[in-house]
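S.K.: Take a look at the following structure, please.
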Amino acid sequence: MSEPAARKAIRARRALAFALAAATAFSPMALASAHARPAPDSFADLAEGLLDSVVNISTSQNAAPQKEVTPPKAPEGSPFEEFFDEFFNKRNGQGGGPQQRQRKQSSLGSGFVVDASGVVVTNNHVIDGADEIVVNFPDGTKLTAELVGKDAKTDIAVLRVKPTKPLKAVKFGDAQKLRVGDWVLAIGNPFGLGGSVSAGIVSARDRNINSGPYDNFIQTDAAINRGNSGGPLFNMNGEVVGINTAIISPSGGSIGIGFSVPANTAQPVVDQILKFGETRRGWIGVRIQQVTDDIAESLGVSGAEKGALIAGVNDDGPAEKAGIEVGDVVLKFDGKSVRDMRDLPRIVADTPIDREVEVVLLRKGKQEARKITVGRLEEAEPKNAVLKPPTAAEEPKTGAALGLRFSSVTDELKTKFQLKPDAKGVVVTGVDEGSNAQEKNIQPGDMLIEVAQETVQTPSDVAARIEALKKDGKKTALLLLSNRQGDVRFVAVSID
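Numbering that gives the first Met the number 0 applies: residue 0 is where the sequence shown begins, and numbers increase by one.
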C-alpha cells in the first residue's frame with residue numbers, strides 16, 4: 000500500500016473510532032453508568048473508617064416478681080418425704096413455702112455515635128423498659144448510658160454516655176438521594192457477635208410495613224439479623240442514611256428483606272430529643288382515609304396522586320378553624336404533594352408548630368386553597384370529632400337502594416342497634432346478601448350521613464341522591480357512614 004493510501008486508511012479508522020465513541024457516550028446505558036457508582040473491589044477502606052463509630056448496646060431489666068409454687072408435701076412418715084423436701088428446696092432456693100423472686104432479663108442491640116461528646120442513637124425497642132443500658136465500644140470500653148429521650152412512633156432512642164476522650168462520630172446523610180440499586184453497608188451486633196459488616200443494595204424505598212403512622216422504610220438486602228436493630232445503614236460516602244429496625248423472616252435470620260428508618264425521618268427526631276427531651280410534631284386535627292379507586296371515581300380525583308380523604312375533623316382544631324370539612328381531599332400541604340393517605344401524617348408531623356401553611360384541597364370536584372396554622376401533636380390526643388347527627392325529626396319512613404335497607408331512627412331501632420339517645424337521621428337496617436355494600440362491610444346499625452357529599456336526613460333524601468347519580472351516569476355512590484361508636488368513614492358502593 001502506498002504511503003498516501005496508508006494515511007487515508009489510518010484517518011478512516013480514526014474517524015470510525017471517534018464516531019463509535021461518540022455514539023456510545025450518548026447512549027442510555029452510558030448515561031446511566033455516568034451517574035451510577037460501580038461496584039467496589041472491596042468495602043474494606045469504607046468499613047475501616049466506620050467501625051469505631053458503631054457500638055453494641057446491652058440492656059438489663061428486672062422482670063416482675065414471680066410467685067413460686069408451694070411445694071407439695073409427702074404424707075408424714077412416707078419413704079418419699081425426704082426426697083420431696085430435697086427436690087423442691089433445690090428448685091425454690093431455700094424452700095419453705097411461697098417466695099417472691101426477681102428474674103433479670105437482658106437484650107442486645109446496636110447503635111452509633113452522632114456526637115463526639117457522647118451521644119448515641121439506637122432503636123427504642125432495643126432499650127424499652129430497660130433498668131440499665133450499657134454501651135460497648137469496639138476498643139472494649141463499656142459505659143453506662145442515660146436515656147435522653149425516645150420516640151415509639153419512629154422507634155428511635157437517644158442515649159448519652161460520658162467518655163474520657165472524644166468519640167468518633169458519624170453524620171446523617173440525605174436518604175432522599177438514594178436510588179433503588181445503590182450500594183449500602185450495614186454494621187451492627189448480630190446475635191451478639193459485634194462489629195459485623197454486611198453489604199447490599201437498596202431494594203426499595205418508601206415501604207409501609209404497618210409498624211407506625213410514619214412508615215417510609217428503606218428496604219435493603221444487606222444482611223440484617225437479630226442484634227442489628229439500632230445499627231446504621233451507610234451509603235458509599237460513609238453517611239448514615241438509615242437506622243436498621245426490622246426484618247421479614249420466617250426463620251428469624253436474614254433472608255435479604257430488611258428495613259431501615261430513613262435518615263430524613265430519624266434526624267429531626269434525634270434533633271428534637273436532644274433539644275427538648277421529647278418530640279414536638281405538627282398536628283392539624285383530622286382523621287384521614289385512603290382514596291381508593293372507586294372513591295376516586297366518585298370524587299372526581301384523577302391521576303396517580305390521589306391525596307388524603309378527610310373522614311373526621313376535630314372540634315376547635317386547626318383544620319376546623321381553617322374551614323376544612325369532612326369529604327375534602329388534601330392534595331398538597333405546605334407546597335408538598337400528598338400522593339396518598341400515608342404522606343399527609345409525615346408531612347404534617349415534620350412541619351414546625353405554629354407555622355401558617357397553605358393547603359390545597361379538592362372539594363366537590365373543584366380545587367381550593369386554605370391557610371392553616373399547624374398545632375402541636377400531643378401524645379394523648381383527643382379522639383377526632385365526628386359529624387353531629389341531623390336534628391330534623393319526622394315520622395318513621397323506610398327505603399331500599401344499593402343493596403341496603405334503611406329507615407328513619409325510631410326508639411325501637413335505638414334500642415335494637417344501641418344507638419345514641421340523640422341519634423336522628425337515616426339508619427341502615429339491613430344489608431343484602433352478596434351485595435357490594437356487604438363486600439364493603441356496611442353493617443346494620445350504621446348511620447347514613449351523606450350520599451355523594453350531600454347531607455341526607457331522611458330515606459327519601461337517600462333515594463333522591465341515588466337517582467340523581469344515576470341520571471349523571473355515575474357508577475358508584477360515595478356514602479359517608481357513622482358506626483355505633485361514632486367513627487365515620489367513606490365507602491364507595493356500586494350503583495348497578
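No residue lacks a Cβ here, since even glycine has one placed at the ideal position from N, Cα and C.
Out of Lys469, Ala295 and Val358, which has the shortest C-alpha to C-alpha gap to Ala368?
M.R.: With distances taken between Cα atoms, Ala368 lies closest to Val358.
S.K.: CA-CA distance, Asn435 and Gly255?
M.R.: When rounded, the distance between both Cα atoms is 40 Å.
S.K.: Report yes if the C-beta distance between Asp181 and Val196 is below 9 Å; otherwise report no.
M.R.: Contact flag unset, no.
S.K.: Rounded to a whole number of angstroms, what is the C-alpha to C-alpha distance between Thr350 and Val337?
M.R.: Approximately 14 Å between the Cα atoms of the pair.
S.K.: Are Gly281 and Val312 touching if we call contact CB-CB under 9 Å?
M.R.: For Gly281 and Val312, no; Cβs fall outside 9 Å.
S.K.: So, do the stretch 232-246 and the stretch 256-275 have three or more beta carbon pairs nearer to each other than 8 Å?
M.R.: The stretch 232-246 vs the stretch 256-275: in contact.
S.K.: Check whether the stretch 284-296 and the stretch 261-270 are in contact - that is, three or more C-beta pairs closer than 8 Å.
M.R.: Flag = no, the stretch 284-296 and the stretch 261-270 do not touch.
S.K.: Take Lys167 and list the residues in its own chain whose beta-carbon comes closer than 8 Å to its own, dropping the five residues that flank it on each side.
M.R.: Answer for Lys167: Asp51, Ser52, Val112 and Ala115, listed in chain order.
S.K.: First and last residue of the alpha helix (DSSP H) that includes Lys141?
M.R.: Counting along the chain, Lys141 falls outside any alpha helix (DSSP H), though it belongs to the beta strand (DSSP E) covering Lys141 to Thr143.
S.K.: Just curious, the beta strand (DSSP E) that Gln218 is in, first and last residue?
M.R.: Its beta strand (DSSP E) spans residues Phe216 to Thr219.
S.K.: Could you check the C-alpha separation between Val133 and Val169 for me, to the nearest Å?
M.R.: Each residue's alpha carbon lies about 20 Å from the other.
S.K.: Using the three-state DSSP reduction, which class does Pro388 fall into: helix, strand or coil?
M.R.: Reliability of the predicted coordinates at Pro388 is poor, the pLDDT of 41 falling under 50, and no value is obtained from them.
S.K.: Rounded to the nearest angstrom, what separates Lys164 and Val118 at their Cα positions?
M.R.: For Lys164 and Val118, the distance between alpha carbons rounds to 13 Å.
S.K.: Would you mind stating whether Leu418 and Gly444 have Cβ atoms separated by less than 9 Å?
M.R.: It is a contact, given that the beta carbons lie within the stated cut-off.
S.K.: Arg178 by DSSP, collapsed to three states: which one?
M.R.: The answer is coil: DSSP assigns Arg178 none of H, G, I, E or B.
S.K.: Should Ala129 be labelled buried (16 or more other beta-carbon atoms within 10 Å of its own) or exposed?
M.R.: Buried: at least 16 other Cβ atoms inside 10 Å.
S.K.: Looking at the unbroken beta strand (DSSP E) that takes in Gln366, where does it start and where does it end?
M.R.: Per DSSP, Gln366 belongs to the beta strand (DSSP E) from Lys365 to Thr372.
S.K.: Do Asn215 and Pro189 come within 9 Å of each other at the CB atom, strictly closer than that value?
M.R.: No; because the gap between Cβ atoms is not below 9 Å, this pair is not in contact.
S.K.: Between which two residues does the beta strand (DSSP E) holding Lys331 run?
M.R.: Lys331 -> beta strand (DSSP E) spans Val328 to Phe332.
S.K.: Between which residues of its own chain and Pro458 is the CB-CB distance below 7 Å, once the five residues before and five after are set aside?
M.R.: Answer for Pro458: Lys396, Thr397, Gly398, Phe405, Ser406, Ser407 and Val425, listed in chain order.
S.K.: Which one or two residues does DSSP pair with Asp114 in a beta bridge?
M.R.: Paired residues: Val118.
S.K.: Under 8 Å by Cβ, that's how I've got Ile441 and Val430 pegged, so tell me the actual separation to the nearest angstrom.
M.R.: Their Cβ separation, rounded to whole angstroms, is 6 Å, which keeps Ile441 and Val430 in contact under 8 Å.
S.K.: Taking Leu45 and Met235 to be in contact with their CB atoms under 8 Å, please state how far apart those CB atoms are, rounded to whole angstroms.
M.R.: Confirmed, about 7 Å.
S.K.: Is DSSP giving Ile263 helix, strand or coil here?
M.R.: The amino acid at residue 263 is misidentified as Ile; the sequence shows Asn. Looking at Asn263 - three-state DSSP - the assignment turns out to be helix.
S.K.: What's the C-alpha gap between Pro27 and Asn122?
M.R.: Interpretation of Pro27 is limited by its pLDDT of 45, a score under 50 that renders its predicted location unreliable; the figure taken from the coordinates is listed afterwards. Approximately 41 Å between the Cα atoms of the pair.
S.K.: Compute the beta-carbon to beta-carbon distance between Ile294 and Phe489, rounded to the nearest angstrom, for a pair I have assumed lies under 8 Å.
M.R.: About 6 Å separates the two Cβ atoms, so the contact holds.
S.K.: Is it true that the CB of Val183 sits closer than 9 Å to the CB of Gly194?
M.R.: Their beta carbons are not under 9 Å apart, which means Gly194 does not touch Val183 by this criterion.
S.K.: Considering only C-alpha positions, which residue in the set Val54, Ala310 and Arg345 is nearest to Pro231?
M.R.: The shortest C-alpha separation from Pro231 is found at Val54.
S.K.: Does DSSP put Leu361 in a helix, in a strand, or in coil?
M.R.: DSSP places Leu361 in strand when its eight states are reduced to three.
S.K.: Which of the three DSSP states is assigned to Val427 in this structure?
M.R.: In the structure shown, Val427 sits in a strand (DSSP, three-state: E or B).
S.K.: Spatial neighbours of Arg354 within its chain, please: CB distance less than 6 Å, with the 5 preceding and 5 following residues excluded, ordered by chain position.
M.R.: Within the same chain, Arg354 has close Cβ partners Val373.
S.K.: Buried or exposed, going by whether 16 or more other CB atoms sit within 10 Å of the CB of Thr143?
M.R.: It is exposed - the Cβ of Thr143 has fewer than 16 other Cβ atoms within 10 Å.
S.K.: Tell me which same chain residues have a C-beta within less than 6 Å of the C-beta of Gly229, skipping the five on either side of it?
M.R.: Taken in chain order, the residues that qualify are Gly108, Ser109, Gly110, Thr121, Asn122 and Val125.
S.K.: If you measure from the beta carbon of Leu418 to each beta carbon in chain B, is any gap under 9 Å?
M.R.: In the displayed structure, chain B is absent; only one protein chain is listed.
S.K.: What runs of the beta strand (DSSP E), each 3 residues or longer, lie entirely inside the stretch 130-170?
M.R.: Those beta strand (DSSP E) runs which fall completely within the stretch 130-170 and span 3+ residues are 131-135, 141-143, 145-150 and 155-159.
S.K.: Spatial neighbours of Val461 within its chain, please: CB distance less than 7 Å, with the 5 preceding and 5 following residues excluded, ordered by chain position.
M.R.: Closer than 7 Å at Cβ, skipping near neighbours: Gly398, Ala400, Phe405, Val425, Leu447, Val450 and Val455.
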